[in-house]
Structure formats: structure tokens, C-alpha cells
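Written below as C-alpha cells is the structure these notes are about.
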Amino acid sequence: MIHKRSLVRRSAAVVAAGAAALVLAACGGDGSGDGSAGHGGHNATASSSAPASAPASAPASQGQHNAADVAFAKGMIPHHRQAVEMAGLAPGRAQSAEVKKLAEEIKKAQAPEIRTLSGWLTSWGEEVPAEGAMDHSMHGSGGMMTAAEMSELEDASGKAFDTAFMELMIKHHEGAVDMARTEQADGAYSPATRMAEEIIASQSAEIEQMNKLLGKD
209 MIHKRSLVRR
219 SAAVVAAGAA
229 ALVLAACGGD
239 GSGDGSAGHG
249 GHNATASSSA
259 PASAPASAPA
269 SQGQHNAADV
279 AFAKGMIPHH
289 RQAVEMAGLA
299 PGRAQSAEVK
309 KLAEEIKKAQ
319 APEIRTLSGW
329 LTSWGEEVPA
339 EGAMDHSMHG
349 SGGMMTAAEM
359 SELEDASGKA
369 FDTAFMELMI
379 KHHEGAVDMA
389 RTEQADGAYS
399 PATRMAEEII
409 ASQSAEIEQM
419 NKLLGKD
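Count along the sequence shown starting at 1, add 208, and that's the number in my numbering.
Following this line, the structure appears as C-alpha cells:
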């Protein structure tokens, strides 16, 4: 009888121990199940997708840009540089006080924009057009002056300079406005499209001013 009770107790202990082992295994299985799902299960897709989405969101925080933005910056830098160079001729050659003031305003507006455009290209990993470098395909297009036109302007003085400066700058500004409108239509980088809007507004006003000084309005 005592032997039977001992066997019953041992059997109960074994059953209890087995039940405890099953509980522990179940708990351990839940933990390992999460871990395995994190690598190969369905949950792995969700957890692994988070790091994958991080790089995509990083550029968004800096502002997305596209090929049109790059083209705008690379084209506008030499365009602005030439305008600044033209404006730099006015103090020693212009006769009209209005022309001298206009030239100074052009320098003040466009020189900082050159620095901003260059900074964008650098941040995008793009090459900034070298100082003095010019895409020869741009000469005579986009309102850019040819080397001959620049030489004529350099050789002019007095009223002749004033007239040549304004006529050439009107053409130059019209080219910049066209470039800015293209950026507004096709660009994705909001600071660049805002700059384009400012260029359109300011240079259109200067075109109107120069036309009036030339007696064309």
C-alpha cells in the first residue's frame, strides 16, 4: 500500500514537472517565435522595412531635388556671373545715374544667389561650374552675351555704354526669366523654385525699368 502511494506521488511529481516544462517551453516559444519572425517570419518584413525606409526619408528632410533643379543651378551660376561682370563695368563707363544704380542693384541681388546656387550643387554632390568657365553652347542663348558683345560693351562709354548695357541686359534678363520659368515648371526643390519666382519678379521689373529708360515704353 505504502509502495503504491509512493508510486502515485512520483507519478504526480512527474506529471507536474512535465506540465511546468510545457509552460516554460510555451513561454520560451513565444519569445523565440518573435525573434524568428523578426528574421524570417511575416513580422520580419515589417521590422526590416523600417530601416529600409530610413534612407528614403533622409533626403526628404533636406528637400528633394531633381535633374531640372541641377540644370537650373548649373545654368544660372554662369548666367549670373556674366550679369555681375557686366554690372561691374558700369561705375567707370556709365553716364546715367539710373544705369549706375541699376548695375549696383544687379550685383547685390545676383552675387548672393551665385553663392546659394553653388551651395546647393555642393550639397547634392554635383560639380559647381568653375569660375570663368562657360559652356560655349550657352553663348548667344539664354540671353548670354557673346565674347564680341562683351568686348564692345567694355570699349563703350558714356551714353553709348548706357544704351548698349541696357539693351544687352534686357536680353540677358529675358533669358534668366525663361530659365526661371522652366525651373518653376519642372523643378522639385522648393528653395530653387522660390528663387526662380524671385528672379522672375525682380528681373521682369528691371526689364520694364530699362525699357522705360530707353524710351521703349
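For every residue, glycine included, the Cβ atom is placed at its ideal position computed from N, Cα and C.
Predicted model only: the values in this text are computed from it and were never measured.
(request) Tell me whether the beta-carbon of Gly271 lies closer than 8 Å to the beta-carbon of Pro399. (result) yes
(request) Could you check if Pro337 is buried or exposed, using at least 16 other CB atoms within 10 Å of its CB as the buried criterion? (result) buried
(message) Going by C-alpha to C-alpha distance, which of Leu376, Ile314 and Ala281 sits closest to Thr354?
(response) Leu376
(request) Please name the residue in Pro286, Thr330 and Glu406 whose C-alpha comes closest to that of Gly350. (result) Pro286
(request) Compute the Euclidean distance between the alpha carbons of Ala281 and Trp328, then round it to the nearest angstrom. (result) 8 Å
(request) Taking 8 Å as the cut-off, decide whether the C-beta atoms of Leu422 and Thr390 are in contact. (result) no
(request) Could you tell me how far apart the beta carbons of Ala276 and Asp394 are, in whole angstroms, since I believe they sit closer than 8 Å? (result) 4 Å
(request) Round the Cβ separation of Glu315 and Ala302 to the nearest angstrom and send it over; I've been treating them as touching at under 8 Å. (result) Here the sequence assigns Lys to residue 315, which means Glu is not the residue at that position. In fact, because the Cβ distance is near 13 Å, the residues do not count as touching under 8 Å.
(request) Use the C-beta contact count for Gly383: other C-beta atoms within 10 angstroms, 16 or more gives buried, fewer gives exposed. (result) buried
(request) Whole angstroms is fine: what's the gap from Met387's alpha carbon to Ser365's? (result) 30 Å
(request) Can you grab the Cα-Cα spacing for the pair Ser412 / Val385, in whole Å? (result) 7 Å
(request) For Thr401, count neighbouring Cβ atoms within 10 angstroms of its own Cβ and tell me buried if that reaches 16, exposed if not. (result) buried
(message) Going by beta-carbon coordinates alone, are Phe373 and Val292 separated by less than 8 Å?
(response) no
(request) Inspect the beta-carbon positions of Ile322 and His273 and report whether they are closer than 8 Å. (result) no
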